[in-house]
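First comes the structure, then the notes that go with it.
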């Protein structure tokens, strides 16, 4: 039902299955299966069990620790990726205590006989009637062998790829390839920029500098329907998945055809099922499906043509859609169980309905009639060509897609010699399919979905600029906030494309349209940053010429350029209309106060050159604004105070903490005024930042603690933020390490961002940034650049309204960023609720950027976005230019305030009633847009609508205050101290505040080893020893929870079980998940086993542990990890530096290790190598620990090669 929570829905499904005769464990295994598809180590019959049930039930995905009971049995299970913690212990008086962390109930140590955790996809089951704990293995092998699942599968499973090849059908001979391409709206950019790299490299193309073209409902060009939809992505409430390094939990397998009856327990044993290993079909594959009825009596395929006679024109489309739906319904009732929707009949006389519209219409019609599960939907269409198109077709119901025209185009390009010689014709298609598959995985993973089955029909999109009437009929359940065009406009655009293709336009007679989406082109799509706008702004700031700035502002605010953003359609009511009088500009607050609200964007050192980075920092520090380090750390010589004690002019006030944790050390954190947690980035929300390998030179690698020349792609999720509670924990960690800094959280605009922001405010963030989808970037896949996230006007308005409604607005500062250019933009941002404003592209242009869009290639001709020493000499920017720009903007803000009769910016924050739609701009598509939801104002007192108070952080009476007091001799005179304290699991982030004090006084060097030696007894709360500085040693006798040693910066952590413990240390868990996340140096010794993702993003710490869970050493770039025991699956995924020693007692480690980036070798060899090359031994057996840490960091290159 509407508004039902995920949990309630899951509970209903479980109860339904149990009442339908399944045992409880069986039902839970159907609903939350393990990741079986890519798992080599799983027993064959268990795999068959999961594969058999995959056709009955799509997996429930996402982070979950589920406890379930029917009164006789009680059990718990974890999601397939282990994204929630669950620890349990068993006592000698037969109690089992399970909770999301250890230490929730006091249990005397000597009573405990087992300490363990739930593992990904595993189950803990207690049978009250038998009075025992049934192990995961026992439950599952019993269920897996109850029926001969493997032989059932062999009998019923048809895998499309394994069927006999069939000759594909030819297309109409009377239509040329060019006409066909034009009818489907192909442009030169589609073929050259998007498709060509996919066909040659098997990867999606990378671009940069964000997008500055209008939304489709405001574009003059006929746009494909796909472009009206924006992808959704997970932020905070659940994590995106890392599709590169955790690919083994993801799957593209798709089932085509009717779904079996869930409650017929053995019926599916006789029903044939057709499955494809991935959903993009070649022409031959499609023909196999079309002719499958000849060989298999269970299947009958019906092809429905969704082209119609051109005579009917655009007006005919609604009727033809209804006809298509009726034909589909009739086909299902007539016994057909696979429908192929096809537009291959397109030609001068036949016009094709947009494929997405046809697919969604049929999908929803069949759902309404209750017939969708009795039929498979396959789409044969010439329209889709980029990843976003395929994702939309899948999201609205297509189980498989055959993009025949994309293949023809690629083969034609190959025949014309447009690809490198190494690529032969047969490879082009397969590489393109591979690239699309990877792209679909990437888009699914943004939302945290791991299987194509779950994604198919899931509609994870927002519509931007479509009428609700159209949405309700064909895309039911999709959010559309600003209304927009209806079916008539979409039909008109389709007809316009058709006429262009088969008409007589001489420009299109021999070549495709220019496109102009990705770069500014004459006759192409309109861009906000035109060469004229760039030139006008640069002249203005270089000559400090106010009049040239006015020309620029006038160009952006009033000319055709205003149609590039939805705020271009807004109009401010005049002072008269509001019953106010304009005032003199001298009464308005001075520009020097307004510029303090401005900050520059988070551009990392690495994506831009040191020169550009410091120019922005110096400019902002001079005017009292804030510059942002971005996610690549900052060289320490830029933030150390000068010799006379004054602030370093090159220091960035905002230090960013992103998912890669590059360069995040305690010293970096204490030298900041704002600590910003980057949850998402406007240009590519739902995935991590990218830095191509050729920009990672020695300096950048040193700052980021990574390997030179190896490209960096941050993980999409923060591995310590899988839920809103985790975010609150990270905010608490940062507030501890630097109590004087504000903590900011950066979100990206999408429908629902307001609810997330409310959660973030309750998690005690001091500052929230809402970014628009049009923000810039140094490198991002083109799909994400164009098609993810929504305009900030929508997200900011929703955030303001939600926060005010919940009484949270006054305690957070709200910032907006994404494509701000002029004072008018600032005023509109303020009216919609922003206190502060972020600018990135504009100040970069002021400093010399000319929008070449080559940031990802390291070839920036003006030395801004490059690490090339020759090009960097060409950098001409100066802090004065940036300062001039910000003062021009502030003065424009003052003029607008004066004209409205206000004296201070605070007076208009959140005053959205001052805005209305500008009806004068009569644009054929934009006239349907309706902004009333954006302009809606929540009733509240004025002081509740902007930032007036501070968040209260609970850091006054915490354990660290005791530690700091005890450690005073060490902090003041470097005198060693040693003492003992007790600890409970409510003591979180222990050591963070103490380390902050150490780093403030002694910088990153810290103190001598063991200067502050603390022994702690008990169970530590989350983030024990976070950011621990050098010179601090923690001996914990007890247990640790998640995030031990997060960001470790030189400290030492030793954790061991108490002396009176009865458990066997090496078989018991001692620390939780995501230990040593982003550690840069230090040592850890754990006498026991660790959970999932041990040492993820370790960049230099040394750790010894008795065993680890899945994804150990993921994305490690330095340091040493010694595992004296078993590891889980996917060890060392994405590891590009450092060394791991693993004790492989069972001899199966090779199958658990992700071999993409590492090699396995026995240990003695490398010792001989060291002897030979460097004349000294340094292995564990020879010299013990000291030399290991001394030598391992030095000779990695020789040892590894």
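Residue numbers (the UniProt record's numbering): 1 to 1201. Cβ atoms here follow ideal geometry from the backbone N, Cα and C, with glycine treated the same way.
Write down the C-beta distance between residue i and residue j rounded to the nearest angstrom, noting that I regard them as a contact closer than 8 Å.
i, j, result
"residue 749", "residue 795", "2 Å"
"residue 495", "residue 351", "7 Å"
"residue 810", "residue 949", "5 Å"
"residue 78", "residue 115", "So it is not a contact: roughly 17 Å between Cβ atoms."
"residue 682", "residue 818", "5 Å"
Using DSSP's beta-bridge definition, name the partner residues of residue i.
i, result
"residue 1141", "1122"
"residue 628", "602, 654"
"residue 479", "462"
"residue 698", "Residue 698 is not bridged to any residue."
"residue 88", "98, 116"
"residue 781", "206"
"residue 837", "598, 816"
"residue 75", "68, 125"
"residue 747", "770"
"residue 935", "Paired residue(s): none; residue 935 is not in a bridge."
Check for me: the alpha helix (DSSP H) holding residue i runs from which residue to which?
i, result
"residue 427", "425-446"
"residue 945", "Segment: none, residue 945 is in no alpha helix (DSSP H) and carries neither H nor E."
"residue 391", "387-395"
"residue 672", "Premise fails: residue 672 is in no alpha helix (DSSP H) and is neither H nor E."
"residue 917", "Careful: residue 917 lies outside any alpha helix (DSSP H), inside the beta strand (DSSP E) at 915-917."
"residue 406", "404-415"
"residue 10", "6-19"
"residue 471", "468-474"
"residue 801", "792-805"
Would you mind reading off the limits of the beta strand (DSSP E) that contains residue i?
i, result
"residue 255", "254-256"
"residue 769", "767-771"
"residue 230", "229-231"
"residue 452", "Residue 452 -> not in any beta strand (DSSP E); alpha helix (DSSP H) instead, spanning 452-455."
"residue 1084", "1081-1086"
"residue 568", "From DSSP, residue 568 is part of no beta strand (DSSP E); its letter is neither H nor E."
Quick check on this structure: which residue in the options has the alpha carbon closest to the alpha carbon of residue i?
i, options, result
"residue 1054", "1088, 23, 616", "1088"
"residue 314", "353, 337, 341, 331", "353"
"residue 1020", "1001, 1003, 991", "991"
"residue 475", "359, 482, 408, 412", "359"
"residue 237", "888, 822, 686", "686"
"residue 179", "347, 565, 950, 1071", "347"
"residue 933", "1159, 996, 480", "480"
"residue 775", "182, 161, 210, 119", "210"
"residue 729", "793, 953, 583, 830", "953"
"residue 534", "120, 845, 1024", "845"
"residue 164", "294, 212, 243", "294"
"residue 138", "150, 46, 186", "46"
"residue 448", "1038, 247, 625", "247"
"residue 1073", "1067, 1093, 157", "1093"
"residue 831", "959, 25, 634, 906", "906"
"residue 578", "915, 648, 440, 742", "915"
Inter-stretch contact at 8 Å, needing at least 3 Cβ pairs: the segment 963-981 / the segment 1012-1030: yes
Stretch-stretch touch, CB-based, cutoff 8 Å, three pairs: the segment 755-773 with the segment 188-203: no
Inter-stretch contact at 8 Å, needing at least 3 Cβ pairs: the segment 411-423 / the segment 360-380: no
The segment 851-860 touching the segment 919-938, judged by at least three CB pairs closer than 8 Å: no
Inter-stretch contact at 8 Å, needing at least 3 Cβ pairs: the segment 5-16 / the segment 99-109: no
Cβ contact (3+ pairs, closer than 8 Å) linking the segment 1130-1144 and the segment 129-143: no
Segment contact flag, the segment 1134-1144 with the segment 1114-1125, C-beta cutoff 8 Å, min 3 pairs: yes
Contact the segment 41-49 vs the segment 69-88: 3+ CB pairs below 8 Å: no
Three-pair Cβ contact test at 8 Å for the segment 884-891 versus the segment 578-598: yes
Three or more C-beta pairs below 8 Å linking the segment 798-815 and the segment 497-509: no
The segment 56-70 / the segment 1039-1052 touching (three or more Cβ pairs under 8 Å): no
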